[in-house]
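Colleague:
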Amino acid sequence: MKIRTLSYIRFLLLLSNAIFYGCAFGSVTVPTAKRGLLDLRQETFDEQVALNGEWEFYWQRLLRPNDRVDSPGVLVEFPFMWRNYVLNGKRLPGFGYASYRLTVLLPKKRKELRVSMPDAYTAYRLFVNGKQVAANGKVGTTPERFIPHWQYQAFDVDNNMDTLHLILQIANFVHNKGGIKKPIYIGEKTAVELGRQQSVAIDLILTGCLFMGGLFFLGLYLLGNRDKAILLFSLYSIVYCYRIIGIDNYVLHTIMPNLDWFITVRLEYTSLFLGIGLFGLYTRYLYPEDVSKKVVETISLMCFSFTAASIFLSPAFFTQLINPFLVIMLFCIVYTPYVYFKAYQKKRPGAVYALASSAAVMSVFTITLLHYWSFIPQMQGLSFIGYIGFFFLQSLVLSHKVSFELKKARQQAEQGLKAKSEFLSTMSHEIRTPLNSVIGLSHLLLRNDPREDQVKQFDVMLFSANHLLTIVNDILDYNKIEAGKVSFEHIDMDLAGIADNVIAGLKADAENKHIALNLEIDPDLREHVLGDPTRTFQVLSNLVHNAIKFTIKGSVSVSIKIISRTEKYLNLKMEVRDTGIGISAEDQKIIFQRFTQADSSTSRSFGGTGLGLAICKRILELQGATLHLISKEGEGSVFYFNQIFERSLNAVKQNNPDVLLPSPKEKPLQDIAILLVEDNPMNVLVAQNFLTAWGAVVDVAVNGQEALNAIDLNRHKLVLMDLQMPLMDGYESARTMRANGVTIPIIALTANLPDEIEEDVRQAGLNDVVTKPFLPDELFKKIMRCLSDNSADV
Ligand code: ADP
Numbered sequence: 001m002k003i004r005t006l007s008y009i010r011f012l013l014l015l016s017n018a019i020f021y022g023c024a025f026g027s028v029t030v031p032t033a034k035r036g037l038l039d040l041r042q043e044t045f046d047e048q049v050a051l052n053g054e055w056e057f058y059w060q061r062l063l064r065p066n067d068r069v070d071s072p073g074v075l076v077e078f079p080f081m082w083r084n085y086v087l088n089g090k091r092l093p094g095f096g097y098a099s100y101r102l103t104v105l106l107p108k109k110r111k112e113l114r115v116s117m118p119d120a121y122t123a124y125r126l127f128v129n130g131k132q133v134a135a136n137g138k139v140g141t142t143p144e145r146f147i148p149h150w151q152y153q154a155f156d157v158d159n160n161m162d163t164l165h166l167i168l169q170i171a172n173f174v175h176n177k178g179g180i181k182k183p184i185y186i187g188e189k190t191a192v193e194l195g196r197q198q199s200v201a202i203d204l205i206l207t208g209c210l211f212m213g214g215l216f217f218l219g220l221y222l223l224g225n226r227d228k229a230i231l232l233f234s235l236y237s238i239v240y241c242y243r244i245i246g247i248d249n250y251v252l253h254t255i256m257p258n259l260d261w262f263i264t265v266r267l268e269y270t271s272l273f274l275g276i277g278l279f280g281l282y283t284r285y286l287y288p289e290d291v292s293k294k295v296v297e298t299i300s301l302m303c304f305s306f307t308a309a310s311i312f313l314s315p316a317f318f319t320q321l322i323n324p325f326l327v328i329m330l331f332c333i334v335y336t337p338y339v340y341f342k343a344y345q346k347k348r349p350g351a352v353y354a355l356a357s358s359a360a361v362m363s364v365f366t367i368t369l370l371h372y373w374s375f376i377p378q379m380q381g382l383s384f385i386g387y388i389g390f391f392f393l394q395s396l397v398l399s400h401k402v403s404f405e406l407k408k409a410r411q412q413a414e415q416g417l418k419a420k421s422e423f424l425s426t427m428s429h430e431i432r433t434p435l436n437s438v439i440g441l442s443h444l445l446l447r448n449d450p451r452e453d454q455v456k457q458f459d460v461m462l463f464s465a466n467h468l469l470t471i472v473n474d475i476l477d478y479n480k481i482e483a484g485k486v487s488f489e490h491i492d493m494d495l496a497g498i499a500d501n502v503i504a505g506l507k508a509d510a511e512n513k514h515i516a517l518n519l520e521i522d523p524d525l526r527e528h529v530l531g532d533p534t535r536t537f538q539v540l541s542n543l544v545h546n547a548i549k550f551t552i553k554g555s556v557s558v559s560i561k562i563i564s565r566t567e568k569y570l571n572l573k574m575e576v577r578d579t580g581i582g583i584s585a586e587d588q589k590i591i592f593q594r595f596t597q598a599d600s601s602t603s604r605s606f607g608g609t610g611l612g613l614a615i616c617k618r619i620l621e622l623q624g625a626t627l628h629l630i631s632k633e634g635e636g637s638v639f640y641f642n643q644i645f646e647r648s649l650n651a652v653k654q655n656n657p658d659v660l661l662p663s664p665k666e667k668p669l670q671d672i673a674i675l676l677v678e679d680n681p682m683n684v685l686v687a688q689n690f691l692t693a694w695g696a697v698v699d700v701a702v703n704g705q706e707a708l709n710a711i712d713l714n715r716h717k718l719v720l721m722d723l724q725m726p727l728m729d730g731y732e733s734a735r736t737m738r739a740n741g742v743t744i745p746i747i748a749l750t751a752n753l754p755d756e757i758e759e760d761v762r763q764a765g766l767n768d769v770v771t772k773p774f775l776p777d778e779l780f781k782k783i784m785r786c787l788s789d790n791s792a793d794v
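End of the sequence shown = 794 in the working numbering, gap-free, step of one.
1) Are the stretch 632 to 649 and the stretch 578 to 589 touching, with three or more C-beta to C-beta distances below 8 Å?
2) Are the CB atoms of N159 and H149 within a distance shorter than 7 Å?
3) Only counting the same chain, and skipping five residues up and downstream in sequence, which positions put a Cβ closer than 6 Å to that of V397?
4) I'd like to check one pair, Q394 with I202: are the Cβ atoms closer than 7 Å?
5) Rounded to the nearest angstrom, what separates E193 and L38 at their Cα positions?
6) Any chance the CB of Y338 is under 6 Å from a heavy atom of the ligand NAD?
7) Helix or strand or just coil, what does DSSP make of Q60?
8) Closer than 8 Å is the cut-off here; do at least three beta carbon pairs connect the stretch 363 to 378 with the stretch 337 to 347?
9) What are the boundary residues of the beta strand (DSSP E) that R577 is part of?
10) Within 6 Å: the Cβ of L613 and any heavy atom of the ligand ADP?
11) Measuring CB atoms only, is the stretch 104 to 124 touching the stretch 156 to 175, in the sense that at least three cross pairs come out at less than 8 Å?
12) Taking DSSP as the reference, what is the three-state secondary structure of N172?
13) Using three-state DSSP, classify D857 as helix, strand or coil.
14) Determine which residues share a DSSP beta bridge with A764 and list them.
15) Starting from L281 and walking both ways along the alpha helix (DSSP H), at which residues does that stretch end?
16) Report back the beta-carbon spacing between F57 and Y100 to the nearest angstrom; my notes put them in contact at under 8 Å.
17) Can you tell me where the alpha helix (DSSP H) holding Q688 begins and where it ends?
18) Taking R647 as part of the alpha helix (DSSP H), name the residues at either end of that continuous run.
19) Name the two residues that bound the continuous alpha helix (DSSP H) containing R447.
20) Can you tell me whether S637 sits near the ligand ADP, meaning its C-beta is under 6 Å from at least one heavy atom of the ligand?
21) How would you call K717, buried or exposed, if buried means at least 16 neighbouring beta carbons within 10 angstroms?
22) From F780 to S555, what distance separates their C-alpha atoms?
23) Between the Cα of S383 and those of N709, P107, I205, spot the shortest distance and give me the residue it belongs to.
24) Measuring CA to CA, which of S733, N225, L231 is closest to G214?
25) Verify whether the separation of the beta carbon atoms of I697 and L676 is less than 7 Å.
26) Going by alpha carbons, who is nearest to M784 out of L766, H467, P745?
27) State yes or no: is the C-beta of N466 nearer than 6 Å to some heavy atom of the ligand ADP?
28) Can you give me the Cβ contacts of F273 inside the same chain, cut-off strictly under 7 Å, excluding the 5 residues immediately before and after it?
29) Put R526 into one of helix, strand or coil per three-state DSSP.
30) Which of the three DSSP states, helix, strand or coil, is assigned to V296?
31) Can you give me the C-alpha to C-alpha distance between R417 and D760, rounded to a whole angstrom?
32) For the ligand ADP, is there a heavy atom less than 6 Å away from the beta-carbon of F550?
33) Do you know whose CA, among S437, G695, F537, D509, lies nearest F774's CA?
34) Please tell me whether, using a cut-off of 6 Å, the distance from the CB of N546 to the nearest non-hydrogen atom of the ligand ADP is below it.
35) What span of residues does the beta strand (DSSP E) with K561 cover, start to end?
36) So, using beta-carbon positions, are K108 and D156 closer together than 7 Å?
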């Protein structure tokens, strides 16, 4: 703690040193007036000279150039503000009027000279050698005859004059201060003009930067990033830009010379009080953990009450508030860097920029204060750099904060997505198990000679259960694709054969709807290609299934055409065309997104989840192809894609020799003993019913351990092994059986998708996988294949 405080103090010391030396460096010694006379005859005017020193002062007199002056005025140190000045034993008030006199001697031979007049409190008139050369507002002896105004003025000095008699009349009936605070400068004309232009340019650039920056952050806040720090910083920037253009050089008053003093003075004080208040709150929302809420709220409250005072009270009152306010500002100069220092030490986002920015702004504030107390000149260039540095660094703080929050939000979104995906997977997985029983038992009921009226009901039940299964499978599949867990096979495939199978599988659906289902295969396509037959089948059958579903009359045509052929590759166009309801241009944009259907009535009239197309699209994309759609509402749709396949000269390996499901009277597994390892009684019931119907003898074990004890190599010809079971799972049980020399086929039963577990299944020595809910023909085919493979091996 001590070290931290020490380093903080060291940092402040360094800052004050830099400022002190900066001031000493910038200061110049100039001649000063003595007893109302300023002798500048030796001046070269390489630098501008302030007409400072002893001026004659006439209280409650507005001297005119030709007025006789019987007694000389008191000598005062110019620039001079009369409030609280003790004259003839009396303390002068702020309100009143007075004249100042000075005689300036100039060299006879000199450059062209120009005098620049600052603002005075709060109206003035300047005469040189009897002629009025500058004025602000209207000087008068009563409030009624007086008009305050603040504006930069400058005039050229006649080259023939070597003596200037200056009379400056000042009146004030509105401001707490009276008199003049800033020096009058005389200098070479071009230098004075250039100096003014530079000041104006700097102020305008800075105002533009702050204003645009403020608007940018305001836009950011309004358009969604509801971070209060951003809003407060934007308001602070906008409010504070008035301080740049509306005070000191009064650039705004030059651009709009008729601005009412009563408005501008309120704006000047309001922008200061409000600006600091907003900045305090901004710091509080930027680093809430590092700020004392009470301190900042007290300061902001004070600032806002000062703001209210400067809006509603008279200038004579609120202009007095500047002194107590300076105490607040001084506190801020120390407290803000302290907060940023704390934030920096705690490694808050962007705190390093905040710390650097506080150094920048604190130097500006310090320059402003030292200038206000007339210790140093305005040092506009340095302030400019400080301001730009401050606003730039603060913008970095906010940008850093925004990007940090975006990163956090993205991570949360990703986590949410992952959780959702996992939830969907788990749910789908869990649904598959009871579905197994429903589908299995429906099949069994259908085989057990049901009554005619029951057949229809069982059919509906089976259809619904199968439909539900498709949905569950789609969800699982889509999640897998999204999670990037899908891999594609690269094996021989017969595209024409796949298309045939798709048509064969959906023929009945088309016939039921009296729709023609055509297949056209390029006659040149006689060869095989390398690819993933399962996925190609899935895409085509999805498209054809949709086409039939959304066609009421007419036809659905599938075509596969060769686009080009090289020695190695075959570019094919696959197309599914229908004369169905079509898809509007608007819906075409959304139907490829998951869970999206053209309109909500679709699912009611045609069913579906809106996942099919999303899956097809992703499957094709992952293989480098794009799914296109041409459709017109009421006329039909064409879905097509071009896919490049590697050519294969091999014949397709017949993986699935067709095994037909036995008729109810046949007993192809007569007396074959099968060990069924399954913990779910429903699944046991379903499997047992099928197996016994085919003539098999079934022994049941409810976990992997029990299976190890129950297996009898002399009796059992096959094991059906569930993979997820209590005590010992199917993998371990199978592994142990293989290690113990069991060679009979072991078929896994799983609710997972086969390719998810393929590797584990292989390693555990299992021969094949049947997915739950198992369909009787799949179960039968796999059992038959395994048994025949095994007997062939023997
Ligand atoms: P599902 O068919 O399960 O609703 P899909 O992702 O396969 O989901 O299709 C999304 C939507 O696209 C469908 O609901 C339907 O509105 C529209 N659609 C798909 N294919 C066709 C088609 N051949 N004709 C008309 N509309 C279609």
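Cβ atoms here follow ideal geometry from the backbone N, Cα and C, with glycine treated the same way.
Modeller: Working from what's here:
1) yes
2) no
3) G350, Y353, A354
4) no
5) 23 Å
6) Ligands displayed in this structure: the ligand ADP; the ligand NAD is not among them.
7) Looking at Q60 - three-state DSSP - the assignment turns out to be coil, as it is neither helix nor strand.
8) no
9) 569 to 578
10) yes
11) yes
12) strand
13) This structure does not reach residue 857, given that the chain is present from 1 up to 794, and the question cannot be answered.
14) None, per the DSSP bridge assignment.
15) 261 to 286
16) 6 Å
17) 681 to 693 is the extent of the alpha helix (DSSP H) around Q688.
18) No alpha helix (DSSP H) contains R647, which is instead part of the beta strand (DSSP E) from 636 to 648.
19) 380 to 447
20) yes
21) buried
22) 35 Å
23) I205
24) It is L231 whose Cα lies nearest to the Cα of G214.
25) Checking the displayed sequence, the identity of residue 697 turns out to be Val instead of Ile. Going by C-beta atoms, V697 is not nearer than 7 Å to L676.
26) When only C-alpha atoms are compared, the closest one is P745.
27) no
28) C303, F306, T307, S310, F325
29) coil
30) helix
31) Residue identity check: residue 417 is Leu in the sequence provided, not Arg. Rounded to the nearest angstrom, the two C-alpha atoms are 27 Å apart.
32) At least one heavy atom of the ligand ADP is nearer than 6 Å to the Cβ of F550, so yes.
33) S437
34) yes
35) For K561, the enclosing beta strand (DSSP E) covers residues 555 to 565.
36) No, the pair does not count as a contact, with Cβ atoms beyond the cut-off.
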